[in-house]
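Position one of the sequence shown corresponds to residue 4 (the numbering used here), numbered consecutively onward. Scroll down for the structure; my scribbles are underneath it.
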Amino acid sequence: MSDTMGIGGYSPLLDAGAIYGVFEGKQCSGSLPELCLGLLDRQKKAWPAAAAGYESLGSARERELKCRGFSVRVQQNPGRSKSTLADVGEKGVAGRACFLCPANLPKEQKGILYRDTYLILCNPMPVFSSHFTVSHLDHRPQGIAGAVVTLLQLMSDFGPGSSVLYNGPRCGASAPDHLHFQVVPAGQMPIEKELRLERPAFRRRTGGVSVYRPKGVGRRVVIMDGPGPDAVGEALHALVKGLGIVLRTDLEPMMNLVCLRREHAYTVLVFPRAKHRPDAFYLEGEGRLAISPAVVEMGGIMVTPLERDFERLDSALVEQIFNEVSLDATTVEAAIDAME
Ligand SMILES: [Zn+2]
């Protein structure tokens with residue numbers, strides 16, 4: 004914390020006053036999760052938007068919904084309205100100032116400088132009791148290809164108590180034009196528990212990493228389990244490439260990622276996507292459904308800002324949404340087969 008000199012030199016946009024703490028990988032000043040919780044505590048007191056976001060989460064209504072073979076939690080959280088209904092199309096993004104660029108942060112918002120390259124920020128519209136955004140210092144597009152190393156480094160630095168999340172630029176990222184991840188408490192999303200219970204027979208093994216495709220969870224998910232970050236990173240690259248081959252696209256295949264650490268295991272859940280939002284999202288009037296599936300929803304927490312949607316969401320509707328936004332099983336299996 005003492006040495007913030009030169010931060011302004013690293014990025015002229017980053018004011019030293021925006022820095023709450025610095026994490027460089029040395030453990031001298033405590034663990035990264037502790038540092039982040041300290042930031043959160045401070046932000047709730049000093050930044051009214053964060054205080055309001057956590058207050059909204061505190062009064063959010065939740066209920067469990069049993070579906071065929073799995074369950075989800077429905078959360079009515081008016082504080083998420085901006086996020087759920089965000090216009091993340093090219094025009095919408097081009098027409099707004101980027102809220103993750105250091106120069107545009109509200110003056111009350113502080114961050115932790117992470118390994119000289121990223122800023123860890125409190126998400127002022129939380130879904131979890133601690134919800135952080137890890138945002139690149141520079142304005143550069145959301146994309147996994149060049150960021151797998153960071154993803155794995157975050158898993159190592161945060162440890163088993165946290166999950167690291169990623170939304171693809173076309174399926175849930177709130178800022179598709181600015182590279183970022185999320186970090187949330189581990190074990191909070193229903194799918195984490197459901198998939199921990201049992202693994203199906205693995206579909207293939209590559210470089211020490213087991214690749215599974217569990218069925219009966221209502222959406223398509225590929226699990227990659229490996230003993231260390233390098234092997235899991237290779238497998239993730241291979242799956243992304245495999246999806247690109249079968250989908251015949253040079254763009255990043257649509258997907259959301261949940262990354263989990265256990266003591267000696269690295270696990271990545273990949274949700275391959277066919278669509279960002281269900282068709283009902285775009286309807287006018289009564290039929291409109293204000294649910295915008297991103298990584299948290301694919302993990303089993305269906306967030307809606309509206310009471311009407313909270314009340315009417317049932318298992319059939321959840322199954323329909325998951326089915327609609329997931330990539331079909333045949334294509335997912337072909338992508339696993341195409342991994343090199
Ligand atoms: Zn930006």
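For each residue, glycine too, the CB sits at the ideal point set by N, CA and C.
At a threshold of 7 Å, does residue i count as lining ligand 1 (C-beta to nearest heavy atom)?
i: residue 103; result: yes
i: residue 18; result: no
i: residue 331; result: no
i: residue 240; result: no
i: residue 134; result: no
i: residue 279; result: no
i: residue 228; result: no
i: residue 267; result: no
i: residue 282; result: no
i: residue 340; result: no
i: residue 180; result: yes
For residue i, does the three-state DSSP call read helix, strand or coil?
i: residue 90; result: coil
i: residue 12; result: Any answer about residue 12 is weak, because its pLDDT of 46 lies below 50 and its placement is not dependable; what the coordinates show is given next. Helix.
i: residue 170; result: strand
i: residue 84; result: helix
i: residue 325; result: helix
i: residue 136; result: strand
i: residue 62; result: coil
i: residue 159; result: helix
i: residue 180; result: coil
i: residue 209; result: strand
i: residue 197; result: helix
i: residue 2; result: Any property of residue 2 remains undetermined from this structure, which presents the chain solely from 4 to 343.
i: residue 220; result: coil
i: residue 228; result: strand
i: residue 36; result: helix
i: residue 96; result: helix
i: residue 78; result: strand
i: residue 203; result: coil
i: residue 109; result: coil
i: residue 190; result: coil
i: residue 122; result: strand
i: residue 114; result: strand
i: residue 236; result: helix
i: residue 152; result: helix
Does the beta carbon of residue i sit closer than 8 Å to a beta carbon anywhere in chain C?
i: residue 182; result: Here there is only one protein chain, and chain C is not present.
Who are the near neighbours of residue i in its chain, counting only those whose CB is closer than 7 Å to its CB and skipping five residues on each side?
i: residue 310; result: 79
i: residue 100; result: 107
i: residue 213; result: 205 and 228
i: residue 240; result: 151
Spatial neighbours of residue i within its chain, please: C-beta separation below 6 Å, excluding the five flanking residues on both sides.
i: residue 280; result: 295
i: residue 11; result: Here residue 11 scores only 43 on pLDDT, less than 50, and its place in the model should not be relied on; the value that follows carries that caveat. These residues qualify, in order along the chain: 19.
i: residue 323; result: none
i: residue 52; result: 127
i: residue 317; result: none
i: residue 334; result: 249
Please look up how many angstroms separate the CB atoms of residue i and residue j, rounded, as I've assumed it's under 8 Å.
i: residue 123; j: residue 137; result: 5 Å
i: residue 64; j: residue 306; result: Actually they do not touch by this definition, with Cβ atoms about 11 Å apart.
i: residue 56; j: residue 128; result: 5 Å
i: residue 3; j: residue 27; result: In this structure the chain extends from 4 to 343, so residue 3 is not present and cannot be described.
i: residue 155; j: residue 236; result: 5 Å
i: residue 75; j: residue 134; result: About 19 Å; that fails the 8 Å criterion.
i: residue 242; j: residue 125; result: Going by Cβ atoms, the distance from residue 242 to residue 125 rounds to 31 Å, so no, they are not a contact pair.
i: residue 293; j: residue 312; result: 5 Å
Got a sec? Which residues, its chain only, sit under 8 Å from residue i by beta carbon, not counting five neighbours each side?
i: residue 171; result: 145, 147, 255, 256, 257, 258, 259 and 276
i: residue 336; result: 206 and 216
i: residue 264; result: 158, 159, 161, 162, 163, 165, 189 and 270
i: residue 36; result: 161, 162, 164 and 165
i: residue 96; result: 90, 178, 179 and 180
i: residue 120; result: 139, 140 and 153
i: residue 198; result: 217, 220, 224, 226 and 272
i: residue 194; result: 73, 220, 224, 261, 272, 301, 302 and 303
i: residue 253; result: 247
i: residue 130; result: 60, 78, 80, 83, 187, 299, 304 and 306
Could you check if residue i belongs to the surroundings of ligand 3, using beta carbon to heavy atom distance under 7 Å?
i: residue 90; result: As far as ligands go, the structure on display features ligand 1 and does not contain ligand 3.
Uninterrupted beta strand (DSSP E) stretches inside the stretch 245 to 333 (no shorter than 3 residues): 258 to 265, 268 to 275 and 304 to 307
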